[in-house]
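There are 4 protein chains.
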Amino acid sequence: MQPGATQEQIKDVEERILHFGFEIHPIYGVERTVIAAVGAPELDRSEAKEQLESLNYVESVTLVLKPYKFVSRKFRDRTVIPLGDVEIGGDTCVIMAGPCTVESEQQILEAAQAVKAAGAHILRGGAYKPSTSPYSFHGMGIKGLELLATARDATGLKVITEVMDPRNVEQVCEFADILQIGTRNMQNYDLLREVGRAKKPVMLKRGMWAQYEEWLQAAEYIWIGGNEQIILCERGVRTFETYTRNTLDLNAVPAIKELSHLPIMIDPSHGTGRASLVPSMCKAALAAGADGLMVEVHPNPAKAIKDGAQSLTQAAFHQLVDELKVLADALGRTI
Amino acid sequence: MQPGATQEQIKDVEERILHFGFEIHPIYGVERTVIAAVGAPELDRSEAKEQLESLNYVESVTLVLKPYKFVSRKFRDRTVIPLGDVEIGGDTCVIMAGPCTVESEQQILEAAQAVKAAGAHILRGGAYKPSTSPYSFHGMGIKGLELLATARDATGLKVITEVMDPRNVEQVCEFADILQIGTRNMQNYDLLREVGRAKKPVMLKRGMWAQYEEWLQAAEYIWIGGNEQIILCERGVRTFETYTRNTLDLNAVPAIKELSHLPIMIDPSHGTGRASLVPSMCKAALAAGADGLMVEVHPNPAKAIKDGAQSLTQAAFHQLVDELKVLADALGRTI
Amino acid sequence: MQPGATQEQIKDVEERILHFGFEIHPIYGVERTVIAAVGAPELDRSEAKEQLESLNYVESVTLVLKPYKFVSRKFRDRTVIPLGDVEIGGDTCVIMAGPCTVESEQQILEAAQAVKAAGAHILRGGAYKPSTSPYSFHGMGIKGLELLATARDATGLKVITEVMDPRNVEQVCEFADILQIGTRNMQNYDLLREVGRAKKPVMLKRGMWAQYEEWLQAAEYIWIGGNEQIILCERGVRTFETYTRNTLDLNAVPAIKELSHLPIMIDPSHGTGRASLVPSMCKAALAAGADGLMVEVHPNPAKAIKDGAQSLTQAAFHQLVDELKVLADALGRTI
Amino acid sequence: MQPGATQEQIKDVEERILHFGFEIHPIYGVERTVIAAVGAPELDRSEAKEQLESLNYVESVTLVLKPYKFVSRKFRDRTVIPLGDVEIGGDTCVIMAGPCTVESEQQILEAAQAVKAAGAHILRGGAYKPSTSPYSFHGMGIKGLELLATARDATGLKVITEVMDPRNVEQVCEFADILQIGTRNMQNYDLLREVGRAKKPVMLKRGMWAQYEEWLQAAEYIWIGGNEQIILCERGVRTFETYTRNTLDLNAVPAIKELSHLPIMIDPSHGTGRASLVPSMCKAALAAGADGLMVEVHPNPAKAIKDGAQSLTQAAFHQLVDELKVLADALGRTI
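Residue numbers (our numbering), protein chains in the order written: chain A, 1 to 335; chain B, 1 to 335; chain C, 1 to 335; chain D, 1 to 335.
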């Protein structure tokens, strides 16, 4: 309560809290009164907080419990998602690699074979592409999905691709092994609900503006929609630094491991926007304990339709995976 | 070019630029070579930039032209959107007011009558509500839309409400006079394309992470989809300050006026998250030249389901509008 | 406490809290225990917070009281600082104007006469200049101070200038009427202590990274050093937006008025970095309730040694002040 | 130039550029004129940029060269700073460890012996402490410096400690082996000049708001002051994330290695503010290629006067160094 709150005002707040279903424990100090509230486990506490804070005789309201439940570390210790021969969230650091965008059959097949040969587990490639500019290429759509499936058949790699529109979820599920929710859609709730009904694992990228807590709440949307196969992916946040395209936040790895049981991947290609920084940040992510890496690799970055500046060549990727294997070994993990 | 780039590398870059359709104007300095490129007006230059930057002998690529065209100030000086008796973008500072969420017939009718009496032009109210927590109230949906229409009929106010799902655009158009795209959906491109096909004005809120340039590119999506009735709305961005819920960026008002011909509204309720700051920021927005204000008003903020802490009481709103009228007069505008 | 904390751990925390001098009020819930602590008014609570949070059986520690006292709104309602004919913090919106840097006698005299004629109250001008680049001009030093004094004598305007080095405080006090602490030095504690001993008012600019709370704590340093004549000045913070040099945060005006009794000025020249945005933001600041404005004005911005891009011409400044007078009148204030 | 600039305006800009000492290379396009300028190597280009941008017929000015010279990677490939048996910037990842603050002879001796036994090379400990709150402990001052020297004599560890006031530089040099400039003082130019005259290596922490370019310009101040023994240290920047005290930006490691020849350290204790995240981020920093680590270690974190929540226990630190040694080995480096 504000200092100087009257008996009546204190009583009003106490009644409101009881009405929400809490028990109250008031502490009457010399300068001010603090009213602790416990119980009411099923309530959305943020709503109670907002209502109480709107009273001008309430100084502040502090929530003690986390605003998510099923994706919390308190609910479960660790989630491992099996996917054919691979396990996401296990001892192996899973590597997803491939071009930003599916451009042609030749390009995606060449990329798939190269990343497979280098040691990647999963092929990435965009069929539906979010682009800041309306004049950019927006992906090949259904044709791109078919080419991804072709590349999967040719290499045995599993396939991850982005879904942007709730109306396309079913279609993308026919072709992809993992659905990706991009950074711009982290709080696209109708899309989250739709992938919550899907039978495929979902990789949820962090919004470039999102706090860990908001990211985990977005994951909770998918969970309570019925889909517990959720993978988180950090891909850089917005800061004042302009040398990198985003600021890749590796603190997210140990922080999310403290807060949640879900696996966490790192995408240094989008996180930094510069191919020259990607190898160092891949090693750093592995050493920090990331469950996997997502790396853009293109047969010819200088001809890539999108994101060439952040794509590794196939040779550079192969060398990187070799170096990561040595590092994984020292960390008691595998690639 | 990097210092020390070879003749061959310079030639390679020149050929790539010509291939994109530009003319080249190389400048061979002592320390380094700069290659200026002009022409190629229809190209998405950001793609050319990315491809060239992926070459390790290119130091940097600078774009001179803006990445949007139709929403630019160079395309048109000023857009005025007529809406019944009101004009958005004209001399009148348009006031949109109402509760965050439609909660009941009585609540929305009472709010509508109160904001009308105070002098508001447009009623706001959410039927589909984005909520960070999956456990929060997500709005009354179609029932909420019907109640907004009831309130419109009862008061003559125009109605604005948010649409989140591309599958609902048609339905929302049946009830609303203006479609609102919320901050989380500023880069939900399938939704932007869908409202680009609608026959109703669209208010596009700034993404809480978005630069002005990205915001205008999102508007350009709607424009080239076929809908030129676009209103921008600043509602606060993410910073390190925690006292306010967001940092309302009033610089956006004169900045957007320099860059674009579209009207710009200000939403200090979400922008600050604190009812006590709303009146001052409304006055500031009007003085900065905003085309309108969006204000949360609730018959009883302390009982509001959502956003009570940032909602004005009806009495406070009435007094605010009275003060704004005096200010508008001094600025040669009207409310 | 963490859920599952043992009796022993709870007892340990209780003892630590008592040892700090607090009374304890434990609340034993089903899921977890909360220990409320009241009293110990003289303690630096942030240190108690840090120590308790380092215990792995403590989940979190929340402070209820503000970490500053004398500059708080609870200590006093409003501070007015008299300065010759002017009062800072009173009904008049005080205008400080002048060039970024003192460049020559002719320049500063011409600028001083022009801003005086337009209606400014105080002359600004840098003698010691912080510059990001070591190769930039760093000001005329003592010669610049002398020229400011000459301009004061010629016009009757009071003079404000920046002090950067604790060793120069005494010298600057000989020439200036107000000492300015720049954004980069907001947490330069030895400098704050030194101006705390000065007999001249101090204008403390907000650090471009600083939360309101940190800013007020910096002001508290000056206060407890013995100098109660403190003026705050918002000048833009760091965000991801690059169109403006900084993001001027006008929310600071009503927010600081809620939290503190100190006057608050706005500097839109540094806050936006663009002369074209300055007039709109000056009007907005006045309408938000700012106690004053600080504006860069230069006889010839295109020849200014520093900050030409954000300086108004003398004619533009004159017109701006005329418009501000009309606005002030409508707001019941004066210029 | 702006589209539509007149011949006269173009000529004016050309003359200004020639006056600065550049050669000009104008490109007259259909829509607009671009004027390239080369030469004038000694000029502070940011001043030329600002002056030209203040002209309303100039659309934008782009700088191609970096605003620093001696600390640039183009000036030198790699700097190694020898310090007794240790080399900073060489193959060994140097470990600086110790308490935030020197509290007593017993505390600093115990900490020094423990970090030495674990394998640290350098002892850290604050004698002059910057504190956000004026009511916090500000360090033991000269007595703290003497105790650091005692700990050095007892263990053979080199000593690093912060200097905040230009008036104390000489004194701190008598006791310390490395001078630390804290984050709040990164742009305290008088202090930078003073340590530029010192004969001891300087570790320059990144300002929590500073871009890489600004950080390197601050280092350039020290260099041109005469001191080339400069070490950079990333310690977290300000973002919207609140779970961590700051956002430790590991991208700085490969980015700074691209831009500069100076060694770069990482401080995960301040960077995250949470002891539980420190070990993971130390491993990540090493894998990213950091030249060293700075870690807070306290004999009893729960009794630490400052920063207990981010300090490791001695046992945890010992285990961490053991794990880092295995990792360093796999990376071809040593600890």
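By construction, the Cβ of each residue, glycine as well, lies at the ideal position given by its N, Cα and C atoms.
If you measure from the beta carbon of residue i to each beta carbon in chain A, is any gap under 8 Å?
i: D:D249; result: yes
i: C:I27; result: yes
i: B:I122; result: no
i: D:T92; result: no
i: B:P99; result: no
Whole angstroms is fine: what's the gap from residue i's alpha carbon to residue j's?
i: C:I256; j: C:A288; result: 11 Å
i: D:R238; j: C:T247; result: 15 Å
i: D:L250; j: A:V295; result: 18 Å
i: B:F137; j: B:I305; result: 8 Å
i: A:Q180; j: A:G126; result: 10 Å
i: D:A118; j: C:E162; result: 47 Å
i: C:F75; j: C:G90; result: 18 Å
i: C:E323; j: A:M164; result: 49 Å
i: D:S133; j: D:L148; result: 25 Å
i: D:A37; j: A:G292; result: 47 Å
i: C:V202; j: C:V195; result: 7 Å
Let me make sure I understand the geometry here. Which of the options has the alpha-carbon closest to that of residue i?
i: B:E352; options: B:V163, B:H138, B:I95 and B:A176; result: Lying outside 1 to 335, the shown extent of chain B, residue 352 of chain B is not represented and no answer is given.
i: C:A259; options: C:S72, C:Y28, C:G271 and C:H19; result: It should be pointed out that residue 259 of chain C corresponds to Leu in this sequence rather than to Ala. Measuring from the Cα of C:L259, the nearest candidate turns out to be C:S72.
i: A:Y28; options: C:E103, C:P299, C:I24 and C:G182; result: C:I24
i: D:I88; options: D:I178, D:G39, D:M140 and D:S104; result: D:I178
i: B:Q217; options: A:Y135, A:V61 and A:I231; result: A:Y135
i: A:Q106; options: A:R45, A:E323 and A:N300; result: A:N300
i: B:L312; options: B:V321, B:K325, B:V297 and B:L320; result: B:V297
i: A:I222; options: A:L204, A:R16 and A:H19; result: A:L204
i: B:V102; options: B:F70, B:S60 and B:I160; result: B:I160
i: D:V94; options: D:Q314, D:V195 and D:C282; result: D:C282
i: B:R206; options: B:Q187, B:V195, B:C173 and B:R193; result: B:Q187
i: B:V34; options: D:T62, D:E47 and D:E228; result: D:T62
Taking its Cβ as the centre, do 16 or more other Cβ atoms sit within 10 Å of residue i, making it buried, or is it exposed?
i: A:E53; result: buried
i: C:N56; result: exposed
i: B:L77; result: Rather than Leu, the amino acid found at residue 77 of chain B in this sequence is Asp. Classification for B:D77: exposed.
i: A:G226; result: exposed
i: D:E234; result: buried
i: B:L123; result: buried
i: B:Q314; result: buried
i: A:T155; result: buried
i: D:M280; result: For clarity, residue 280 of chain D is Ser in the given sequence; the question names Met instead. Buried, since its Cβ has 16 or more Cβ neighbours within 10 Å.
Please check if any C-beta of chain D sits within less than 8 Å of the C-beta of residue i.
i: B:A210; result: no
i: C:T132; result: yes
i: C:M164; result: yes
i: B:A5; result: no
i: B:T62; result: yes
Return no unless some Cβ of chain B is closer than 8 Å to the Cβ of residue i.
i: A:L55; result: yes
i: D:T242; result: yes
i: C:M281; result: yes
Are any of the Cβ atoms in chain C nearer than 8 Å to that of residue i?
i: A:R238; result: yes
i: A:A36; result: yes
Task: Complete alpha helix (DSSP H) runs within the stretch 149–226 of chain A (minimum length 4 residues, chain order) - done: 169–175, 189–196 and 212–224
TODO: Could I get the ranges of all uninterrupted beta strand (DSSP E) runs contained in the stretch 251–333 of chain A, with 3 residues as the minimum, in chain order?
DONE: 264–266 and 292–296
Open item on the list: In chain order, what are the residue ranges of uninterrupted beta strand (DSSP E) at least 3 long that sit wholly in the stretch 19–63 of chain B?
Closed with: Secondary structure within the stretch 19–63 of chain B: the beta strand (DSSP E) runs of 3 or more consecutive residues, fully enclosed, are 22–28 and 33–39 (chain order).
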